[in-house]
Amino acid sequence: MKETVSFQVSVGRQPPSQWQEIASAALRPYGPKEIERSPYGKAMSFEFDYYPEGLETVVAHLKGQQIHALFTVRQEYTAADRRQAELLILGGGRIVSSVEGTLRWEDVSICPFCACRTADWQFEPLQIAEQPQGAVLACVDHWPWVVSAEVAQALRQAEVTGLVLVPVGPDRSVQWYGLRVTHRLPPVAVPPTRLPPNPGPTPQCAPDHLWNGLKHSQLAYRRQDLAAADFNVTYEHFGGMETAIRYEVISQRVYGLLREVGVQRLRCDPIRIVD
Ligand SMILES: [Zn+2]
């Protein structure tokens, strides 16, 4: 895995004096590989070929001096990284559309203290506008996962664990199956600063129940608490207060199986397991 970080700094119309020197002094100790200045002199970017711990404090320090700062993290994986990973986040596949009004869900509150909610998808009334050709993994309207009957058959034969395949639609001949994942992983073991917390939760909330997203980190788990099934969901929810989701995490066995049956456009990012 290759991880790169781009730290962007910019100033408004009346920039503080010597802002470029202030930003450079704050970031130079972390050893940027490259420093770029915008041709208009209002922005700079510092490129790193590793993840420097503690960038959040630099963001806060610069903000205190009227310098805007944010950083983005990119993880790149090779095909070999993906083939060697014990666990991966389920991603990619196709996007299919529901017939209007048939993608329904029940709002489920995930915490007694805040308004954080997730969706319990109802596959029974769902109608998908197209029939699958062959082995397909897809998200319906960008939300719940479904697979074609061919993939469902392969998963059933392999007796994968942690999964219930729910027939989609009221029809007699089922073409799609919804994925209802039943096994939950323990909390992640990522350095907490690497997951940006969602500002919504209250002080009474469990500190780790909602995160903004995975933008700053690869998911990591300690092996001793892991006990993963073939299909898993994260303990944490990610996203906004009203649309929090859990990520689905699959075993290498499932990843291999999906590739073997010919599922296209898979994009599953490896999970790090720490001993
Ligand atoms: Zn809460």
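Residue numbering for the sequence shown is 445 to 719, as defined by my numbering.
Beta carbons: idealized from backbone N, C-alpha and C, even for Gly.
Check, Outcome
"What would DSSP say about histidine 627, mapped onto helix, strand or coil?", "coil"
"Between the stretch 615-623 and the stretch 582-598, do at least 3 Cβ pairs fall closer than 8 angstroms?", "yes"
"Is cysteine 555 near ligand 1, judged by its Cβ being under 6 angstroms from some heavy atom?", "yes"
"Do glutamine 696 and glutamine 519 count as a contact pair if the criterion is CB distance below 7 angstroms?", "no"
"Alpha helix (DSSP H) containing threonine 501: first to last residue?", "499-507"
"Check whether the stretch 600-618 and the stretch 550-570 are in contact - that is, three or more C-beta pairs closer than 8 angstroms.", "yes"
"Does the Cβ-Cβ distance between alanine 582 and arginine 538 come in under 7 angstroms?", "yes"
"Report yes or no: do three or more beta-carbon pairs, one from the stretch 551-565 and one from the stretch 671-687, lie closer than 8 angstroms?", "yes"
"Just to check, is the beta-carbon of cysteine 649 closer than 6 angstroms to a non-hydrogen atom of ligand 1?", "yes"
"Does the beta-carbon of cysteine 583, which I'm using as the reference point, lie nearer than 6 angstroms to any heavy atom of ligand 1?", "no"
"Run through DSSP, which three-state label would serine 553 get?", "strand"
"Among all the DSSP beta bridges, which residues are the ones paired with alanine 523?", "Alanine 523 is not bridged to any residue."
"Is serine 468 helix, strand or coil when you go by DSSP?", "helix"
"Locate the alpha helix (DSSP H) running through tyrosine 699, then write down its first and last residues.", "696-704"
"Do cysteine 712 and ligand 1 come close, with the Cβ less than 6 angstroms from some heavy atom?", "no"
"From the DSSP output, read off the bridge partner residues of tyrosine 621.", "Val591 and Pro611"
"Give the C-beta separation of histidine 512 and valine 449 to the nearest angstrom, bearing in mind that I take them to be a contact with Cβ-Cβ under 8 angstroms.", "Rounded, the Cβ-Cβ distance is 17 angstroms, inconsistent with contact."
"Out of curiosity, what's the CA-to-CA distance linking valine 677 and alanine 671?", "12 angstroms"
"Using 7 angstroms as the threshold, is the C-beta distance between threonine 605 and glutamine 571 below it?", "no"
"Whole angstroms is fine: what's the gap from glutamine 575's alpha carbon to valine 618's?", "10 angstroms"
"For valine 698 and aspartate 674, which I take to be in contact (beta-carbon distance under 8 angstroms), what is that distance rounded to the nearest angstrom?", "5 angstroms"
"Under a three-way DSSP split, which group does glutamine 648 fall into?", "coil"
"DSSP state of tyrosine 679, grouped into three classes?", "coil"
"Taking the C-alpha atoms as reference points, what is the distance between histidine 660 and glutamine 577?", "36 angstroms"
"I'd like the span of the alpha helix (DSSP H) that includes lysine 561, first residue to last.", "For the sequence presented, residue 561 should be read as arginine rather than lysine. From DSSP, arginine 561 is part of no alpha helix (DSSP H) but of the beta strand (DSSP E) over 561-566."
"Between which residues of its own chain and arginine 716 is the CB-CB distance below 6 angstroms, once the five residues before and five after are set aside?", "Gln662 and Ala664"
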